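As structure tokens, the structure follows; a few thoughts come after it.
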Amino acid sequence: MTDASSVPNEVAAYDDAWQKAMGAGDIATLRKLLRPDAVVVHHDGRFETGRAYLDRNEQSDGPRIVEFTMTEGPSLHFDHTAVITGKMQATVARGNQRRPLVASVTRTWVRDRSADGSGWSLVATASSGS
409 MTDASSVPNE VAAYDDAWQK AMGAGDIATL RKLLRPDAVV VHHDGRFETG
459 RAYLDRNEQS DGPRIVEFTM TEGPSLHFDH TAVITGKMQA TVARGNQRRP
509 LVASVTRTWV RDRSADGSGW SLVATASSGS
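Its first residue numbered 409, the sequence shown is counted upward by one per residue in my numbering.
Shown next, in the form of structure tokens:
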């Protein structure tokens with residue numbers, strides 16, 4: 409049985425890994441964290457699955473995040489689920505063009521024993537902003 413008091417620290421480690429991988433464009437790590445069937449809601453309202461989002465980001469001609477930072481907002485933690493919020497600042501690149509992206513972000517993590525036996529998986533991420 410999980411000690412509920414350990415959940416915030418566990419999830420924080422996974423969320424930190426997500427943020428670092430986003431900033432580095434580390435698709436291999438992102439694939440380990442984001443479920444293929446996850447729901448990804450973009451700042452402009454578009455929806456994608458986790459698989460489609462990562463596949464698109466692997467394409468060299470598609471837009472991709474090249475810098476990523478996030479300040480924490482309120483969060484909720486339960487035994488098997490956590491909701492993390494914050495304010496994201498990123499730089500999106502497409503070819504030689506770069507543009508800033510500032511958005512409010514909500515990510516939902518679930519304990520997913522099928523992933524690595526004891527880990528957490530990102531099942532939904534949504535952003536709103538410009």
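No residue lacks a Cβ here, since even glycine has one placed at the ideal position from N, Cα and C. Model, not experiment: these values are computed from the prediction.
Cα atoms of GLN467 and ALA501: separation of roughly 12 angstroms, rounded to the nearest angstrom. In the three-state DSSP reduction, ASP463 falls in the helix class (H, G or I). Relative to the Cα of SER536, the nearest Cα in the group ARG464, PRO482, ASN504 and THR493 belongs to THR493. Restricting attention to PHE476, ALA490 and GLY431, the CA atom closest to the CA of PRO482 is found in ALA490. The alpha-carbon separation between MET496 and GLN427 amounts to approximately 10 angstroms. Counting only the Cα atoms, VAL447 lies some 13 angstroms from VAL513. A direct Cα-Cα distance of roughly 28 angstroms separates ARG506 from VAL531.
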